[in-house]
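Engineer:
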């Protein structure tokens, strides 16, 4: 168990950078009065982030990942359980990666 | 200003978040193991590896930091690498403002320390379904933070036993989960604009930037679309 001094300084810098990102947006919004329009913007944000996570995978167009997404979406529409959907998607990806 | 009602911040809400996020815990654990192994290769001690996972707590940012660390560990590039990798958290925090603002500062700023992609996505989806308890965010955050630290420790101590998590498709867990949450969040025509805007942003930027930035762009594009398509019930509320 040891920490050298160079690492300790780097750790403080890295921790500051990380927490700044986590707390910064929340803190900043304190000075931005919430109008209904801005609330609508914040409400639309999560679905855009989800799209931003999923879209590049579709664009890459690899078969296991695209099939995994299709299965996850089907299971979610059919059963309404995000856990079951994600697990089914992962299973399909793992299986197809073994085969292809 | 208008929302004076304080959201509850209770143990029950914490527990619900903790239980709901367990779906994502095994994937997080394995990626923690991977980071532990990489940290061994970058010659970080056990304590240093664990402290890195505690205080950065972000897979992509930690991988980037290791790279900079190997290249001489200059402080400014180290800082910049982490801010660039974690810029999306600025948006996550902003989106949490209406929900967490009513909680005591120690609770809200403490909760933000444990903010991650998975638990944020889960919490926002649950909020759409009527979850009001702000401790849900903290509970789900801790549920993912703990396996990340444990995984780091296991990986640093064991080195190379587990192999590539991609073999089990575990790198796909967050993506599949996001797709499912997207479907779950879909309420109808009002969501079409934001999703199309985010998709368009992703298509245009994908060849040029890393996935972290595509997430930022998707979120911003959807927020802009959400603001533009919002119909104010009060006619003279035009400025924004």
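Residue numbers (the working numbering), protein chains in the order written: chain A, 957 to 1056; chain B, 5 to 244.
Ideal Cβ placement from N, Cα and C applies to all residues, glycine included.
On the CB-based measure, 16 or more other CB atoms within 10 Å of its CB, does residue 141 of chain B come out buried or exposed?
Structural biologist: The residue in question, residue 141 of chain B, is buried, as its Cβ has 16 or more Cβ neighbours within 10 Å.
Engineer: Indicate whether residue 1024 of chain A and residue 180 of chain B have their beta-carbon atoms separated by less than 7 Å.
Structural biologist: Their beta carbons are under 7 Å apart, which means residue 1024 of chain A touches residue 180 of chain B by this criterion.
Engineer: Measure the alpha-carbon distance for residue 1020 of chain A versus residue 11 of chain B and round it to whole angstroms.
Structural biologist: 42 Å
Engineer: Going by Cα to Cα distance, which pick from B:87, B:152, B:206 and B:79 is closest to residue 978 of chain A?
Structural biologist: B:87
Engineer: Could you name the residues of chain A that residue 195 of chain B contacts, counting a contact when the two beta carbons are closer than 8 Å?
Structural biologist: Chain A residues near residue 195 of chain B: 1000 and 1003.
Engineer: Quick one: what does DSSP say residue 176 of chain B is sitting in, helix, strand or coil?
Structural biologist: helix
Engineer: With residue 37 of chain B and residue 146 of chain B assumed to form a contact (beta carbons below 8 Å), what rounded beta-carbon distance in angstroms separates them?
Structural biologist: Contact doesn't hold; Cβ gap of about 19 Å is too wide.
Engineer: Would residue 176 of chain B and residue 1046 of chain A be called neighbours here (beta carbons separated by less than 7 Å)?
Structural biologist: yes
Engineer: Relative to the C-alpha of residue 13 of chain B, which residue among B:51, B:217 and B:135 is closest?
Structural biologist: The residue with the shortest Cα to Cα distance from residue 13 of chain B is B:135.
Engineer: Closest Cβ-Cβ distance between residue 1074 of chain A and chain B: below 7 Å?
Structural biologist: The question about residue 1074 of chain A has no answer, for chain A in this structure spans 957 to 1056.
Engineer: Touching or not, the region 1039 to 1056 of chain A and the region 84 to 104 of chain B, by the rule of three or more beta carbon pairs under 8 Å?
Structural biologist: no
Engineer: Going by C-alpha to C-alpha distance, which of A:1003, A:974, A:1033 and A:1009 sits closest to residue 131 of chain B?
Structural biologist: A:1003
Engineer: Residues in the region 82 to 107 of chain B with C-beta within 9 Å of chain A's C-beta atoms, listed in sequence order?
Structural biologist: 82, 83, 84, 85, 86, 87, 89, 90, 91, 92, 93, 94, 95, 96, 97, 98, 99, 100, 101, 102, 104 and 105
Engineer: Would you say residue 198 of chain B reaches chain A, if we count a Cβ-Cβ gap shorter than 7 Å as a contact?
Structural biologist: yes
Engineer: Consider the Cβ of residue 982 of chain A: report whether some Cβ of chain B lies at a distance smaller than 7 Å.
Structural biologist: yes
Engineer: Report the start-end ranges of each alpha helix (DSSP H) in the region 115 to 167 of chain B that is 4 residues or longer and not cut off at the edges.
Structural biologist: Segments of the alpha helix (DSSP H) lying fully in the region 115 to 167 of chain B: 121 to 132 and 139 to 162.
Engineer: Have a look at B:201, B:206, B:62 and B:223 and flag the residue whose alpha-carbon is nearest the alpha-carbon of residue 1012 of chain A.
Structural biologist: The alpha carbon of residue 1012 of chain A has as its nearest neighbour, out of B:201, B:206, B:62 and B:223, the alpha carbon of B:206.
Engineer: Cα-Cα, which of B:200, B:95 and B:82 is closest to residue 973 of chain A?
Structural biologist: B:82
Engineer: Taking the alpha carbon of residue 19 of chain B as the point to measure from, which residue in B:173, B:235 and B:139 has its own alpha carbon closest?
Structural biologist: A check of alpha carbon separations from residue 19 of chain B across B:173, B:235 and B:139 identifies B:139 as the nearest.
Engineer: Using the three-state DSSP reduction, which class does residue 107 of chain B fall into: helix, strand or coil?
Structural biologist: coil
Engineer: So what's residue 190 of chain B in DSSP terms, helix, strand or just coil?
Structural biologist: coil
Engineer: For residue 69 of chain B, which of A:1038, A:959 and A:970 has the nearest alpha-carbon?
Structural biologist: A:970
Engineer: Check for me: the alpha helix (DSSP H) holding residue 1049 of chain A runs from which residue to which?
Structural biologist: 1038 to 1055
Engineer: Assign residue 198 of chain B to buried or exposed, taking buried as 16 or more other Cβ atoms, counted over all protein chains shown, within 10 Å of its Cβ.
Structural biologist: By the 10 Å Cβ count, residue 198 of chain B comes out buried.
Engineer: Which same chain residues, not among the five before or five after residue 95 of chain B, have their C-beta less than 6 Å away from its C-beta?
Structural biologist: 223
Engineer: From residue 189 of chain B to residue 52 of chain B, what distance separates their C-alpha atoms?
Structural biologist: 40 Å
Engineer: Under three-state DSSP, which class holds residue 195 of chain B?
Structural biologist: helix
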